[in-house]
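Input: a single structure, listed below in structure tokens.
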Amino acid sequence: MAWFSIFVIMRFKYSKKDKLKSKKLIEQLFTEGKAVTAYPLRLIYLNTEHEDGSVLKTGVSVSKRLHKTAVARNRIKRLLREAYRLNKPLYFNNSSTAYAFMILYLSKDGTTFEATDRKMKQLFQKFLDKIPEHEKTST
RNA sequence: CAAGUAGAUCGCCUUAUCGCUUUUGUGCUGAACUUGUUUCAGUAACGUAUUAAUUUUGAACUUUAAGUACCAUUAAAAUGUACUGAAACAAGUUCAGCACUCAAGAGGAAAGUCCGAACACCAUAGUGCAGUCAUAGUGGUUAACAGCCACCCAUCGUAAGGUGAGGAAAAGUGCAACAGAAAGUAUGUACAGAUAAUGCUGUAGUGAAACCAGGUAAACUCUAUGAGGUGCAAUGCCAUGUAUACCAAUAUUAUAGAGUAGCACGCUCUUUGUUGGAGGGUAGGCAGCUAAAGUUUACUGGUAACAGUAAACAUAGAUAAAUGAUAAGGAUAUUGACUAGAUUUUUUGAGGUCAGUAGACAGAAUUCGGCUUAUAGAUCUGCUUUACAA
Numbered sequence: 002m003a004w005f006s007i008f009v010i011m012r013f014k015y016s017k018k019d020k021l022k023s024k025k026l027i028e029q030l031f032t033e034g035k036a037v038t039a040y041p042l043r044l045i046y047l048n049t050e051h052e053d054g055s056v057l058k059t060g061v062s063v064s065k066r067l068h069k070t071a072v073a074r075n076r077i078k079r080l081l082r083e084a085y086r087l088n089k090p091l092y093f094n095n096s097s098t099a100y101a102f103m104i105l106y107l108s109k110d111g112t113t114f115e116a117t118d119r120k121m122k123q124l125f126q127k128f129l130d131k132i133p134e135h136e137k138t139s140t
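The C-terminal residue of the first sequence carries number 140 in the working numbering, and the numbering is unbroken.
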């Protein structure tokens, strides 16, 4: 029942506001951002401020070189988004520091939801370990 | 029944939980605007009732005694009127956020970007010559096409059908395996004939073809017809801001250079600094943006492509790019095992149960009509050949 009550409080949303859309910011992210890797995932992050007041803005990317067809790319991106959506409240629920994220998929092979989910958790744990203590306000 | 051939259709389904994009409506919160009411303050060369004073006459009525009602000037002037500002309240509109809610949400090829259009913007000063690209039987169809349909011809196939790179070889240039002396600025060998003589004439042999010949145009070429360019990242608007293309003034430099798709002629333009004016592009937002040569059905005309008429239907609009994830179940195909042993007949093995496996190619991006390519599997129809039966 405790497990259930957690779910009542948390909001597993990933709407337009939380997506990384600005071309400028993405460019800045790739040039100035730092990276954390949990193969086949890589998180590029940048401490920044968002105009609309949201805390996290996240994008997802798969290289066209590694996955040629649009269907394969879409499939992986959807899985990444889904994994991000479900894991975000577990790690960043109380965070107040604003970040821009970009999650890359590095492998040439396909994947499943289960594997992606597991890797996403590793990735976030790594990220939380890495960032300085004073910035960390989440539990 | 088997093999084949042509065409058409479909290309997983259901439920639950958590989400995404766009919409419908409701509620709440916030902001802006409009209207009304109330209160307060201010302004006014607005000014009423009323009060006080002055003038007591100009004008009107009844009457000739006066009266009635009004008016003039000055001062005060509550309330009021108009405008302005502020606050509160109410209503409405718009926008934003949040919550709930209604509805919808990838394809037959959405793909390749290969043709043809719609739509948008740019260019429009040419003429001659040369050149580039596309198309190519005949007729029809269409908004248009290199598409489609019909027919003719050629060719492949036993056939149903398939394919066509189907204009011109008497304008010119080139090319040609094998065989052959030789495939063209050639004339060998043998025999016969003619002649002053010969490389003259005929026959034989090779080959598809042996001389004023023929093949080849998926060789150049010629003929006929057509072709301005760039694509929704077009284009328009919004807010912000300034490089410098632009304009004006002023000082200064050159007759050469640049553009006009290749050349010639022709045409157009002109360097740098300062001051002033005006004002891009990118990124962001909004529009363009989905009702269109629409889809389905029926009938009519036409061999057909297609056209016409009538009825019904409302059907994605994202932008680092929504249409998903997870779980359970079902259907389908297939493999194995077990079962069943069905039937006019088959080298017999329909059907049932359990377990495993499989589901392809592929993701809208301004919109249509085509073509091309990829595609597991399923269904239906026409026809051909062979065999069997009647």
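Glycine included, each C-beta is placed from N, C-alpha and C at the ideal position.
Treat the numbers as computed from the prediction; the structure is a model and nothing was measured.
Using only alpha-carbon positions, find the residue among the options that is nearest to residue i.
i      : options                         : result
Phe125 : Tyr92, Glu115 and Ala84         : Tyr92
His68  : Lys131, Lys89, Lys109 and Leu87 : Lys109
Tyr15  : Leu87, Leu105, Leu129 and Leu44 : Leu87
Phe13  : Pro90, Arg76, Phe114 and Thr98  : Pro90
Glu28  : Tyr40, Tyr46, Lys17 and Val37   : Tyr46
Asn48  : Glu33, Leu42, Thr38 and Ala71   : Glu33
Lys24  : Leu81, Gln123 and Ala101        : Ala101
Asp130 : Thr38, Asp19 and Lys17          : Thr38
Gly111 : Lys18, Thr70 and Ala36          : Thr70
Gln123 : Asp19, Lys35 and Arg43          : Arg43
Can you give the Cα-Cα distance for residue i and residue j, rounded to whole angstroms?
i      : j      : result
Tyr85  : Thr117 : 9 angstroms
Leu107 : Arg66  : 10 angstroms
Lys137 : Glu115 : Confidence at Lys137 is low in this model, with a pLDDT of 46, below 50, so its placement is unreliable and the value that follows should be read with caution. Between Lys137 and Glu115, the C-alpha separation is close to 28 angstroms.
Arg82  : Leu105 : 11 angstroms
Thr98  : Lys17  : 19 angstroms
Ile132 : Val61  : 21 angstroms
Arg119 : Ile77  : 15 angstroms
My guess is that residue i and residue j are in contact by the Cβ rule of under 8 angstroms, so how many angstroms apart are they, rounded?
i      : j     : result
Thr59  : Leu21 : 6 angstroms
Met103 : Leu30 : 6 angstroms
Val144 : Arg74 : In the structure as shown, the chain begins at 2 and stops at 140. Residue 144 is therefore absent and cannot be evaluated.
List the DSSP bridge partners of residue i.
i      : result
Arg43  : Thr38 and Leu105
Ser62  : Leu105
Tyr100 : Asn48 and Leu57
Lys20  : Thr59
At a cut-off of 7 angstroms, would you count residue i as near the ligand HEM, judging by its Cβ distance to the nearest heavy atom?
i     : result
Phe13 : Because no ligand of any kind appears in the structure shown, any question about the ligand HEM cannot be addressed here.
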